[in-house]
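There are 2 protein chains.
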Amino acid sequence: MISTRGRYALRVMLDIAEHDDGNFIPLKDIAARQDISKKYLEIIVKDMVTGGLLNGASGKGGGYKLTRTPDEYSIGEILELMEGTLSPVACLADKDYYCARRDICKTVAMWTEYDKMIHDFFYNRKLSDLLNASTEGGLNWYI
Amino acid sequence: MISTRGRYALRVMLDIAEHDDGNFIPLKDIAARQDISKKYLEIIVKDMVTGGLLNGASGKGGGYKLTRTPDEYSIGEILELMEGTLSPVACLADKDYYCARRDICKTVAMWTEYDKMIHDFFYNRKLSDLLNASTEGGLNWYI
DNA sequence: ACAATTACCTATTGACATAGTAGGTAAAAG
DNA sequence: CTTTTACCTACTATGTCAATAGGTAATTGT
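In order, the protein sequences belong to chains A and B. Mapping to the working numbering: the first sequence position 35 is 35, numbers consecutive. Add 1000 to the 1-based position in the second sequence for the working numbering, that's all there is to it.
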């Protein structure tokens, strides 16, 4: 499962992109609009600044801003930064992972294929794609 | 990430399928071959019996046996039974999940598509596919 | 100078899941 | 009636998740 770190990060990115008017956007506003604890978001947004997703500015008129245009962010890099890895198993998440059963493992080929599918799915999808998305797909699914 | 419950269950299924000679296979043997704690496996195979993946028989000559042929198990049902859900987010895992932001959510369409992709990937893959698999795919990936 | 606003920092917490371990009881076969 | 096996309840250590609490530092408007 994708944790709140990844999901909230995505919502923060979308919120900032939507309300971008050139100025820094205070976290207070984002937290209020998204209805997420500001204190918790502080932790998340800090990692997003460190990871190069956002610029932060202190003081009056401060807040957060995207470092690039929305089409220059892949969903994959956002999720991977926040979740640590997108890989389904440890032996693929860490290149140096040692497994004694590697050459007899009957499942590693499947995990590898799965890993690649996930990677492609999220890295081919840009923040700008979500920005213009409606909820159609999600809702119609259950009708 | 797929937990040991799901991964070990898959290995148990494969082990039993490989060593199927019509008799029940004792967990002791499976644990030894797979190099997994027998005590821990007990918990896992118990759920597999309850879930209809395996038959268990007590006493001498007892052990575990598949309830069907390997081509009649999808990987999806095995993983879903052991992991609880394969869905990436709570709002898709539980049909009755209520989310106040559902009709304004810009990400639910993506999660839905992702969910469907995962589901298709694992439900179209049968235990028999893994049984005949080599490690080629996994290893070549890193050469 | 100073008050307000904002990001940024360290520490702590409760709840839960993961990955087991320990020690027993019930069932079946030889 | 002993051996072998599944099955059962309980416990535990470790870690992650999802926050909360209470500060300090930086920047701007007045």
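In this text, a Cβ means the ideal position worked out from N, Cα and C, and glycines have one as well. The structure displayed is predicted, hence computed values, not measured ones.
For residue j and residue i, believed in contact at Cβ under 8 Å, the rounded distance
i, j, result
"Tyr145 (chain A)", "Val45 (chain A)", "Given a span of 1 to 143 for chain A in the structure shown, any question on residue 145 (chain A) remains unanswerable."
"Ile1002 (chain B)", "Leu1066 (chain B)", "At roughly 21 Å, the Cβ-Cβ gap does not stay under 8 Å, so Ile1002 (chain B) and Leu1066 (chain B) are not in contact."
"Tyr97 (chain A)", "Cys105 (chain A)", "Their Cβ separation, rounded to whole angstroms, is 12 Å, which puts Tyr97 (chain A) and Cys105 (chain A) out of contact at 8 Å."
"Gly6 (chain A)", "Met110 (chain A)", "That belief does not hold up - the Cβ atoms of Gly6 (chain A) and Met110 (chain A) are roughly 24 Å apart, past 8 Å."
"Leu1041 (chain B)", "Ala1031 (chain B)", "5 Å"
"Ile1078 (chain B)", "Leu1054 (chain B)", "With 8 Å as the limit, Ile1078 (chain B) and Leu1054 (chain B) do not qualify as a contact, their Cβ atoms being about 10 Å apart."
Below-9 Å beta-carbon distance, residue i vs any chain B residue
i, result
"Phe121 (chain A)", "yes"
"Lys38 (chain A)", "no"
"Val12 (chain A)", "no"
Cβ shell of residue i (< 8 Å), same chain only, five flanking positions each side left out
i, result
"Leu130 (chain A)", "Leu10, Leu14 and Ile75"
"Ser1037 (chain B)", "Ala1031"
"Thr112 (chain A)", "Leu92"
CB contact below 9 Å: residue i versus chain A
i, result
"Ala1032 (chain B)", "no"
"Thr1184 (chain B)", "With chain B covering 1001 to 1143 only, the question about residue 1184 (chain B) has no answer from this structure."
"Met1082 (chain B)", "no"
"Lys1126 (chain B)", "no"
"Thr1069 (chain B)", "no"
"Ala1057 (chain B)", "no"
"Met1048 (chain B)", "no"
"Leu1130 (chain B)", "yes"
Contact set for residue i: own chain, Cβ-Cβ below 6 Å, skip 5 residues either direction
i, result
"Ala57 (chain A)", "Phe24"
"Cys99 (chain A)", "Cys91"
"Arg125 (chain A)", "Ile75"
"Glu80 (chain A)", "Leu86"
Ranges of the alpha helix (DSSP H) found wholly within the segment 15-96 of chain A, counting only runs of at least 4: 27-34, 38-50, 75-83 and 90-93
Cβ pair count under 8 Å reaching 3, the segment 102-118 of chain A against the segment 1026-1033 of chain B: no
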